[in-house]
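Novice: Counting in the numbering used here, the sequence shown runs from 22 upward without gaps.
We put the beta carbon where it would ideally sit given N, CA and C, even for glycine.
What follows is a structure written as structure tokens; I'll ask about it next.
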Amino acid sequence: MNKHGLWLLAFLLAACNEEDVQTYEPETLPTFRRVDFVTVRNDSSIFMYDEHMQLIAGRCNSVSFGQERFTMQYSDGRLTGAEYETSIGTRYNPAPVDFSLNRHGMLQAVVREGWDKTFTFTYDDRFRLVSFSVQLPQNGVYNNTVSYDEQSNVSVIERFSSISGIQGSARMEFSDYDRSPNPFRLLINVFYAPLFASAYGPLRYDNTGISLGLILSVNNPGKIVEYPDAGGSYESIFEYSYGPDNYPVSINRTDDPSFPLSIIYRK
């Protein structure tokens, strides 16, 4: 092969490599400067944004730690970490968090000082989260697999766990979606940034807060059927009230006394 052929081959290989490595670009979202998720106890998780709809700071209520406040950190528009301050009595203790991104510019690892958990994120070619695993000490693991419909609404989440040699599985099916925008999409560009923080608002990785199906979907599900490891099934019905922008301002879950969840949008 002559030098022109070698040059052409190198060019084509470089072009293929560039095409293979697409970079995630944050979604274009409506402009809000603050979004509050407020519970029936008037307890709120607050998320604040800049003019580019980047999450810059907030306050959350944690099951384990009480109240946390956080400040997000960016470099060239990409999320790199955050600093959390956890309340202990009247004092706040800082906890730095580092985020590493994969070659597509999407979250692939979370490191928090004092943590002994490992997170693994897998995405499809449409930049949708399809697998999310948490590795715990002593070889414990939680793995969530997410399936979507053609509208990019979550259809099924399957969860596998293995803790101290005891294995379990569960399944959640989502249906009856409305056509209104999902308020949790306002947080999707941070890719689980304060994922350990909020008990009532979004972004929890376990089953004690808002489900991944509610966080990841484009629209709002009307029904969830859960099939726990113990067998049987139970159904949850969701009802929504909407504001002038067609975003939900209230979410009610008929089988959960911690609802309704009110949502306040501030422009």
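Take the Cβ of N203 as the centre, count every other Cβ of all protein chains shown within 10 Å, and call the residue buried at 16 or more, exposed below.
Specialist: Locating residue 203 in the sequence shown gives position 182, where the first residue counts as 1. Flag for N203 reads buried.
Novice: Can you find at least 3 beta carbon pairs, one from the stretch 64-82 and one from the stretch 145-155, that sit closer than 8 Å?
Specialist: no
Novice: Leaving out five residues before and five after S190 in sequence, what residues of the same chain have Cβ atoms less than 8 Å from its Cβ?
Specialist: Here residue 190 refers to the residue found at position 169 when the sequence shown is read from its first residue. For S190, where only same-chain residues beyond five positions count, the Cβ hits under 8 Å are E179, R180, F181, S182, D250.
Novice: Could you check which residue in N241, V177, W136, Q156 has the C-alpha nearest to that of Y248?
Specialist: Taking the sequence shown and counting its residues from 1, the one referred to as residue 248 is at position 227. Nearest C-alpha to Y248: V177.
Novice: Tell me the residue span of the alpha helix (DSSP H) that contains G234.
Specialist: Along the sequence shown, one-based indexing puts residue 234 at 213. Start and end: 233-237.
Novice: Determine the contact status of G234 and V151, defining contact as a CB-CB distance below 9 Å.
Specialist: To locate residue 234, count along the sequence shown from 1; it is residue 213. To locate residue 151, count along the sequence shown from 1; it is residue 130. No; because the gap between Cβ atoms is not below 9 Å, this pair is not in contact.
Novice: On the DSSP bridge assignment, give the partners of K244 in chain order.
Specialist: Reading the sequence shown from its first residue, position 223 is the one you call residue 244. Its beta-bridge partners are S196, I258.
Novice: Rounded to the nearest angstrom, how far is the Cβ of T52 from that of K288, given a contact under 8 Å?
Specialist: Stepping through the sequence shown from its first residue, residue 52 is reached at position 31. Stepping through the sequence shown from its first residue, residue 288 is reached at position 267. Sure, about 6 Å apart at Cβ, within 8 Å.
Novice: Looking at the C-beta of N203, does it have a partner C-beta in chain C at a distance below 9 Å?
Specialist: The question asks about chain C, but that chain is absent: this structure has only one protein chain.
Novice: With a CB to CB cut of under 7 Å and the five nearest residues on each side skipped, what residues in its chain are close to T44?
Specialist: Sequence index remark: in the sequence shown, residue 44 carries index 23 (1-based). Closer than 7 Å at the Cβ level, and outside the excluded window around T44, lie H125, G126.
Novice: Which partner residues of A130 appear in the DSSP bridge assignment?
Specialist: Residue mapping note: residue 130 aligns to position 109 of the sequence shown, counting from 1. Per DSSP, the beta-bridge partners of A130 are S121.
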